[in-house]
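Oh and the sequence shown: position 107 is 107 in this note's numbering, straight run, nothing missing.
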Amino acid sequence: MTDTAHRVDSCGRAVDELTPDDLELQRYLLDLCLQPLDRFDGFSHIEQYLLSALRYQLNYTCYALAMAQYRYTPAFTGYLTEAQANAIEKMRDKRVWGYWAHECLVGYQRWDPDPIKFANVMYTGFFGVMLGVFETLNDARFSAPGALTLRWNDDTEYVYEFASLCEAIVHNMDISGHGPSTRANPG
């Protein structure tokens, strides 16, 4: 069969079939994201400051699932949507964002565990893309007030939703002194 024999027109664009290799990769990514929210089985736990950090693994897993949904299964939501939502929910786990308290203290000489409020585009920027793509393809559940609340301890939580996360990014660009950008890391 030719390539075009497997293409279907959907919303004015061609939709391809997943190859067996694509399906194998998608199954792996779905398995990572559909496990219970408090589990990170299959994720690397090398360190939380550089490129092997859980946040980047979640970011790119969510991006890949979203692109697969857009390109191959635009009419399907179900467990594909829930896997992306779970990746977003896992970004709220303190094991993903708790590194910021130490990085902010060492890099900026200030104690503030909130990873969204100040100068942390490496969390907020990538997270914002996850949320924007999710809302474009699926629904607006993370725009509900408090939908992205982060709990530091029993007494401290940081209440956000998609819009307030975006506002924090804009605020940090405004105060950065680097024009329409913000520093990626302290120092």
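Glycine residues also receive a C-beta, built at the ideal position from the N, C-alpha and C atoms.
key: Residues that Arg151 bridges to, as DSSP identifies them   = Glu157
task = Could you check which residue in Ile169, Phe162, Ala66 has the C-alpha nearest to that of Ala147?
result = Phe162
ask   = Would you say Leu150 and Tyr158 are within 8 Å of each other, going by their C-beta atoms?
value = yes
message = How far does the alpha helix (DSSP H) with Gly125 in it extend, from its first residue to its last?
response = 121 to 137
ask   = Skipping 5 residues on each side, what residues in its chain have a beta carbon closer than 7 Å to that of Thr61?
value = Leu29, Leu32, Cys33, Ala87
message = So, with DSSP's three-state summary, where would you put Ala64?
response = helix
ask   = Does the separation of the CB atoms of Leu54 and Val96 fall below 8 Å?
value = In terms of Cβ geometry, Leu54 and Val96 form a close pair [threshold 8 Å].
C-beta atoms of Leu137 and Ala66 nearer than 8 Å = yes
request  = Can you have a look at Pro113 and say buried or exposed, based on whether 16 or more other CB atoms are within 10 angstroms of its CB?
outcome  = buried
task = Quick one: residues in its chain with C-beta nearer than 8 Å to the C-beta of Lys94, no 5 flanking neighbours on either side, listed in chain order?
result = Leu150, Arg151, Trp152
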